[in-house]
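For the sequence shown, the numbering used here assigns the number 241 to the initial residue and increments by one for each residue that follows. The beta carbon of each residue, even a glycine, is placed where N, CA and C say it ideally should be. This structure is a prediction, so every number in the text was calculated from the model and none was measured.
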Amino acid sequence: MSESPRLDGVVDSHCHLQSLDPDVREAALDEARERGVVGFLMPAIRLAEAEELLELCERHADVWCALGTHPHDASSWQEGDAERLRSLLVHPKAVAVGECGLDFHYDLAPREQQGRALREQWEVAIDLDLPVIVHNRESNEEMLQLVREPQFAELRADFHSYSGGVEMARELIERDFYLGFSGMVTFKRADNVREILPLVPDNRILVETDTPYLAPTPHRGKPNKPGWVVEVALRVADELSLSPADFAKLSSSNFRALFAVELDPS
Ligand SMILES: [Zn+2]
């Protein structure tokens with residue numbers, strides 16, 4: 241791995257560090273820091289893991305989390321969870337609600353249940369003035385209907401690992417949402433993802449790994465790790481004809497703006 245490129249000051253805005261086993265995780269964080277990564281945002285999959293995530297954040301100055309329930313786990317979302325989420329979010333390391341959303345590709349939870357969990361989480365986010373991290377797969381129509389509802393007009397969101405196509409991107413951008421780009425931008429057949437990049441305003445673009453999924457080329461097929469956000473950022477910078485350093489600065493400043501966190505530039 242000595243050939244691995246560095247990129248100072250870049251941030252992984254979406255990594256499920258909780259899915260890595262503890263030894264692997266610590267090593268992966270150190271390796272990422274050595275490659276110049278200065279911040280990590282770890283989104284929850286389910287509310288029941290909130291304490292574990294917060295504890296991990298307390299041990300690492302450069303790790304923050306989002307708390308909430310993923311659409312795959314929406315069946316676990318129950319009465320009282322909105323209140324529970326609200327009280328957990330007082331923790332200073334919990335900087336967003338999520339990951340929440342709709343996934344009609346896998347349909348691991350009934351759609352109605354996905355919709356209910358999503359709405360309740362967005363309501364909490366708006367009440368607390370926190371951003372949300374949104375997962376959206378094969379549910380563009382339903383997602384757009386939701387974001388158009390007047391009660392969600394104030395929603396601030398990162399549509400992570402964006403792959404929803406041009407039309408959807410245009411509406412999300414018009415609504416001032418952020419789009420997060422993952423290792424998919426490096427995949428050979430992902431022109432449908434790369435073609436979105438030039439549409440996104442400079443101040444609305446984020447990069448991520450979605451660890452442990454979606455490892456970028458040339459690591460494709462392996463379990464992903466946060467250090468590989470460098471490969472993602474280098475490719476995005478190249479697509480946008482920006483210098484890697486300028487793009488790192490830009491995407492990290494967007495990260496700070498959306499999640500209201502302080503990054504240590506060293
Ligand atoms: Zn995720």
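Kindly list the residues whose CB is nearer than 8 Å to the CB of residue i, restricted to its own chain and excluding five residues on each side of it in sequence; keep chain order.
i, result
"Phe399", "Val374, Asn376, Leu412, Phe417, Tyr418, Leu419 and Gly420"
"Cys340", "Gly308, Thr309, His310, Pro311, Ala357, Leu358, Gln361, Trp362, Val372, Ile373, Val374 and His375"
"Leu454", "Ser401, Ser422, Gly423, Met424 and Asn464"
"Asn432", "Ser403 and Gly405"
"Arg326", "Val364, Asp367 and Leu368"
"Glu502", "Arg496"
What residues in its chain sit with their C-beta under 7 Å from that of residue i, if we drop five residues either side in the sequence?
i, result
"Leu430", "It is Ala, not Leu, that sits at residue 430 in the sequence shown. Taken in chain order, the residues that qualify are Met424."
"Ala336", "Ala306, Leu370, Pro371, Val372, Ile373 and Phe499"
"Lys489", "Gly249"
"Val476", "Phe421, Val425, Leu437, Val447 and Phe487"
"Glu378", "Phe344 and His345"
Among the options, which residue has its Cα nearest to the Cα of residue i?
i, options, result
"Asp347", "Asp313, Leu329, Leu296 and Asp321", "Asp313"
"Asp442", "Phe495, Cys305 and Leu384", "Phe495"
"Leu474", "Arg460, Pro456, Lys465 and Gly461", "Pro456"
"Ala290", "Thr426, His256, Gln385 and Leu269", "His256"
"His300", "Trp317, Ala349, Gln318 and Leu281", "Leu281"
"Glu287", "Gln385, Arg396, Ala477 and Gln258", "This sequence places Leu at residue 287; Glu is not what is there. Residue Gln258 is the option with its Cα nearest to Leu287."
"Glu266", "Leu296, Val251 and Asp252", "Leu296"
"Glu352", "Arg275, Ala334, Ile285 and Gln318", "Gln318"
"Glu213", "Ala393, Val472 and Leu260", "As shown, the chain starts at 241 and ends at 506. That puts residue 213 outside it, with no answer to give."
"His254", "Ala268, Arg273, Asp263 and Trp304", "Trp304"
Report buried or exposed for residue i, applying the criterion of at least 16 other Cβ atoms within 10 angstroms of its Cβ.
i, result
"His345", "exposed"
"Pro458", "exposed"
"Pro332", "exposed"
"Ser492", "buried"
"Ser242", "For Ser242, the predicted structure reports a pLDDT of 45, less than 50, and the residue's modelled location is therefore unreliable. The matter cannot be settled from this model."
"Lys428", "exposed"
"Pro283", "buried"
"Val330", "exposed"
"Glu407", "exposed"
"Asp252", "buried"
"Asp450", "buried"
"Arg388", "exposed"
"Ala349", "buried"
"Gln354", "buried"
"Val334", "Residue 334 is actually Ala in this sequence, not Val. So Ala334 counts as buried."
"Val393", "A small correction: the amino acid at residue 393 is Ala; Val does not occupy that position in the sequence shown. That one is exposed."
"Pro262", "exposed"
"Glu381", "exposed"
"Gly338", "buried"
"Glu471", "buried"
By Cβ distance below 6 Å, which residues in the same chain neighbour residue i in space, the five residues on each side in sequence not counted?
i, result
"Leu439", "Ala409"
"Glu463", "In the sequence as presented, Glu is not what sits at residue 463; that position holds Pro. Here the set comprises Pro452."
"Ile436", "Ala409"
"Gly279", "Val251, Asp302 and Leu503"
query: Is there contact between the stretch 480-488 and the stretch 244-251, where contact requires at least three CB pairs shorter than 8 Å?
result: yes
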